[in-house]
Amino acid sequence: MAQKSASTLNPETHLLLDQPLLRLPHEVLRKIFKTSQKYVEQDTKKISELAKEATKAADPASPDASIASINTMITRMQGLKRKMENLHEEEKLVHSQARKRTTHLKDLYGLSSLLEDGYGKWSKVRLDRLLVDYMLRNGYSESAKKLAHEKGIDELVDIDVFLQCWSIEESLHRKSTTECLAWCQENKNALKKIKSTLEFELRLQQYIELVRERKLGDAVAYARKYLSGNFDSHPYDFHRASCMLAFPPDRPGPYKDLYAESRWGHLVHTFVATHHNLYNIPQGPLLHVALSAGLSALKTPSCHSTLPSSRSNTASSVTSLCPICSTELNDLAIHVPYGHHTTSWVEHDLVVLPNGRVYGTRRLEDLANKLGLAAGRVRDPITGEEWDSEEVRKVFIS
Amino acid sequence: MAPGAPSQSPANLGSPPTGTRPPDQAISLASSPRHHSTNLSARQPANGTCIATDTASFEPSQTISAHKMDGVEKELDRLTGKANLSNSIRDIDGCLELLMAAKANIEADPASTASTMASLEVQLKAGFDRTNDSLKEVYTGLNKYGKALDKKFKPVNMSDYDVLSTHQPLINRAIAMHLLREGNFSIAETFISEAELAAPIPPKLEADFRAMYHIKEALRLRDLGPAIEWAASKRRELEARGSNLEFELHRLQYVVYLFGDGEDGPRKALEYSRREFLPFQQKYLAEISQLAGALLWREKMPTSPYADILNSDAAWSAVADSFTSEFCSLINLSAESPLYVAATAGAIALPTLLKMTSIMKEKKTEWTSQNELPVEIPLPDKYKFHSIFVCPVSKEQTTDLNPPMMIPCGHVLAKDSLQKLSRSGNRFKCPYCPADSMPKDARELYL
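Right, dumping it as structure tokens:
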């Protein structure tokens, strides 16, 4: 039952590509929780202090002072409530997103065959998701938003997260570290946990820029403030940073790499890697992964052959073009290996025409029928040559 | 009915309309699973590496499929039900009430200021503790949800499979063409400008896709006009391809008139057939005769199986598919979006590839055969487009440099194998049958 197992859909393994769909909302929820925890901690601490002081100062002779303290506490408490309510709204959105996504993934369990219409539809949605993800990661934000919106898959894609990431990427491309440093500040604990060097790298870059402009005093002050604290974890970088003071950018000596413009590209790369790591999303677009695997699985030695294939061809209505041979993917597929096969896969009742082309008998009959050829004649679907059927001979391929 | 065509005897209606074969017939007959294989046994190419040959170990695991998404859903229910910020907000409200009450108390009875303040401090502390407890519940809920996800999805490192990261321009072009093909013109326009395509899409191609979309939309709304007009303009090309599309469109139009226009239907259908069937008379005589017969039997047709065959959703979608396939072939493209087919095939292939990588890592082997995957990917037949010949002697797929050769007895070998068997040009015995032959009598085949 080889055929059966090849078209059987096993949702459990099939969902490999889709786990970021649920992982990301989980990370967003955790972030929301952490923020709420911070708010509660800060505000309750402050209010507790206020309450303590007010209790100490409480005097029946001047109730107004106590009332004023209570009013301060109320304002603070209301502020906390507002912040928490905002977070709760965000939380609800993410919950509904997670729900939609879970349902979408669950839909796959209702299918059992890769040949069902339902699977085709599901797979179309998956492609749209992969495309939106690809567009967002490459900064094609408007296209991504439009596609998500028109296909009605807004809740299955992570536009906001990627937009934020992209805007920080862009700021780094513009050589501004402000936005990225703010992001580091926002995610301080999480970054500490994964021992991220991102912030140090950014600070180092700021320092390098000051050195580049020969504002050496500022540079030293900056290093003292932001770099020296990290001496223990980055002694080598710190030493090099100190020594580069003596080498101006036009004579960089051994510090060429520190002055290099490409360091900004490195920062972008580090930031994106760190960002995706925090959100538990894959480093590269999943479209690449799906296509790399798919192109290889579909590709055959015939796909980039100089000889026209007898099966995958646009020359006749009884043949149709293979997706790898189609313009869209042909150049791209040059870069992947072709699929491995242990057995031949050919049509029934193969015959060979005098020109060496091999076809299934049914296909040739079908074409002769459609063309209304005279009885006993065959036409090569690809080259258009015609012969008597006596010139056609059987061929055995096993 | 074409003028002068012999009138049809009703008996002819006893056989289902023969007509032309649906265009996908070719595909379905090609997909007979004779040589299909899902065998995952690893290959041992001469120049490649040898990896695990334990077939069973390659089968993607199916163990927890019974759980579906239940575990994840259960934990999500907990999050939306209780383990969210609403409880801490309620606790914060409680604290606000305490503050309000204390304020009112002092205003009403200034003498109680000290005691009110003291008890407020204590009550607030309890309120804050409650708030924190509620937060803890969210924390626990999120942890459990995370664990459910971990259980459901084994972490995988997908970046191993990305060999395309340096080919963004080509991917962008494929996406732009996909968007156009699917009729998403406005998105395509935005995308093309945002992605700054290195090689722009030829305007001709975009115009073609627009034309295709326009015709398909009309077909969706059950209007055959634009499709018929297009097919007529491409009559010569379509005929050369052996396509019956134009006749199929006319036939459907005839049936639409016949059954669609009430009392007036037969007259319209007859007029239509007189006007349009003439060029097809010679080639499709049998079909036209049958359609003419249908005219006489119209009253009974709607209840007969023919009506269904001739004017049903299936008939419309068959004509639409046939149109798409012919249209794409004439502009030298595959009928279905290559991007869609490839991404789907990729999702099907990934479990096997991941399994392969993990086994290769375990065995500390490397995949050295760069131009061929080391493992067979089981794909359904509809994802197979080319014939594949694996030489029975060398077990290698044939290529342009090592093509299949047919020896006089009709058996086929790869060229390299043939040369090895014949030890440079000597007479040799066919590995399959007793016949022997000279290598010079072998003929190259084109699959």
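From first to last, the protein sequence lines are chains A and B. Residue 1 is where the first sequence starts when you use full-length UniProt numbering, and the numbers rise one by one after that. Residue 1 is where the second sequence starts when you use full-length UniProt numbering, and the numbers rise one by one after that. Here a beta-carbon is modelled for each residue, glycine too, at the ideal position from N, C-alpha and C.
Closer than 8 Å to chain B by CB, residue i
i, result
"Tyr279 (chain A)", "no"
"Phe396 (chain A)", "yes"
"Glu328 (chain A)", "yes"
"His275 (chain A)", "no"
"Gly284 (chain A)", "yes"
"Gly356 (chain A)", "yes"
"Thr306 (chain A)", "yes"
"Asp117 (chain A)", "no"
"Gly265 (chain A)", "no"
"Ser7 (chain A)", "yes"
"Leu291 (chain A)", "yes"
Outcome for residue i when other beta-carbon atoms lying within 10 angstroms are tallied against a minimum of 16
i, result
"Cys391 (chain B)", "buried"
"Val346 (chain A)", "buried"
"Ala182 (chain A)", "exposed"
"residue 400 (chain A)", "Shown here, chain A extends from 1 to 398; a query on residue 400 (chain A) therefore has no answer."
"Leu216 (chain A)", "exposed"
"Asn184 (chain B)", "buried"
"Val352 (chain A)", "buried"
"Val378 (chain A)", "buried"
"Pro203 (chain B)", "exposed"
"Gln185 (chain A)", "exposed"
"Pro63 (chain A)", "buried"
"Gly376 (chain A)", "exposed"
Interface flag, residue i vs chain A, CB-CB below 8 Å
i, result
"Asn426 (chain B)", "no"
"Tyr383 (chain B)", "yes"
"Asp162 (chain B)", "yes"
"Phe153 (chain B)", "yes"
"Gly94 (chain B)", "no"
"Gly410 (chain B)", "yes"
"Gln397 (chain B)", "yes"
"Ile377 (chain B)", "yes"
"Thr49 (chain B)", "Residue placement at Thr49 (chain B) cannot be trusted, given a pLDDT of 39 that sits under 50; what the coordinates show is reported in the next sentence. Not one chain A Cβ lies under 8 Å of Thr49 (chain B)."
"residue 472 (chain B)", "There is no way to answer for residue 472 (chain B), as the model of chain B reaches only from 1 to 447."
"Ala435 (chain B)", "no"
"His250 (chain B)", "no"
Beta-carbon contacts of residue i that lie in its chain and below 8 Å, excluding the five residues immediately before and after
i, result
"Thr324 (chain B)", "Met212, Lys216, Ala335"
"Tyr432 (chain B)", "Pro392, Cys409, His411"
"Asn138 (chain A)", "Pro285"
Under the three-state DSSP convention, the category residue i falls into
i, result
"residue 457 (chain A)", "The shown model of chain A, from 1 to 398, leaves out residue 457 (chain A), and the question about it has no answer."
"Pro285 (chain A)", "coil"
"Phe327 (chain B)", "helix"
"Met406 (chain B)", "strand"
"Gly339 (chain A)", "coil"
"Gly4 (chain B)", "Because Gly4 (chain B) sits at a pLDDT of 39, beneath the cut-off of 50, its placement in the model cannot be relied upon, and the point is left open."
"Arg78 (chain B)", "helix"
"Ser414 (chain B)", "With the sequence shown as reference, residue 414 (chain B) is identified as Ala, and Ser is not the correct amino acid for it. Looking at Ala414 (chain B) - three-state DSSP - the assignment turns out to be strand."
"Asp257 (chain A)", "helix"
"Thr102 (chain A)", "helix"
"Phe428 (chain B)", "strand"
"Glu150 (chain A)", "helix"
"Leu241 (chain B)", "Note that residue 241 (chain B) corresponds to Arg in the displayed sequence, not to Leu. In this structure, Arg241 (chain B) counts as coil in the three-state DSSP scheme."
"Ser242 (chain A)", "helix"
"Thr8 (chain A)", "strand"
Check: residue i C-beta below 7 Å from any heavy atom of the ligand HEM
i, result
"His214 (chain B)", "Absence of the ligand HEM from the depicted structure is noted, as is the absence of any ligand whatsoever, leaving it without description."
Residues near residue i by beta carbon distance below 6 Å, same chain, minus five either side
i, result
"Pro249 (chain A)", "Arg212, Tyr259"
"Ala144 (chain A)", "Val132, Met135, Leu136"
Beta-carbon contacts of residue i that lie in its chain and below 7 Å, excluding the five residues immediately before and after
i, result
"Tyr284 (chain B)", "Phe247"
"Tyr134 (chain A)", "Pro285, Leu287"
"Gly360 (chain A)", "Glu347, His348, Asp349, Leu350"
"Ser394 (chain B)", "Ala414, Asp416, Ser417"
"Gln97 (chain A)", "Pro25, Glu155"
- Does the pairing of the stretch 386-404 of chain B with the stretch 440-447 of chain B give three or more beta-carbon distances under 8 Å? Here the stretch 386-404 of chain B makes contact with the stretch 440-447 of chain B; the two share three or more CB pairs at distances below 8 Å.
- Item | Given 8 Å, three or more beta-carbon pairs between the stretch 105-117 of chain A and the stretch 85-96 of chain B | The answer is no - the stretch 85-96 of chain B does not touch the stretch 105-117 of chain A, with fewer than three Cβ pairs under 8 Å.
- Message: Check whether the stretch 314-334 of chain B and the stretch 240-258 of chain B touch, using three or more Cβ-Cβ pairs below 8 Å as the test.
- Response: As far as the Cβ criterion goes, the stretch 314-334 of chain B touches the stretch 240-258 of chain B, which means the pair count is three or higher.
- Query: Below 8 Å, can you find three or more Cβ-Cβ pairs linking the stretch 345-363 of chain B to the stretch 325-336 of chain A?
  - Reply: Too few Cβ pairs lie closer than 8 Å, so no.
- Message: Check whether the stretch 314-327 of chain A and the stretch 247-260 of chain B are in contact - that is, three or more C-beta pairs closer than 8 Å.
- Response: Judged by Cβ distances under 8 Å, the stretch 314-327 of chain A makes no contact with the stretch 247-260 of chain B, as fewer than three pairs qualify.
- Is the stretch 77-94 of chain A in contact with the stretch 35-45 of chain A, if contact means three or more CB pairs nearer than 8 Å? In the pairwise beta carbon analysis, the stretch 77-94 of chain A is classified as touching the stretch 35-45 of chain A: at least three pairs are separated by under 8 Å.
- Query: Is the stretch 133-149 of chain B touching the stretch 51-69 of chain A in the sense that three or more CB pairs, one from each, lie closer than 8 Å?
  - Reply: For the pair of segments examined, the stretch 51-69 of chain A was found not to touch the stretch 133-149 of chain B: the number of CB pairs separated by less than 8 Å stays below three.
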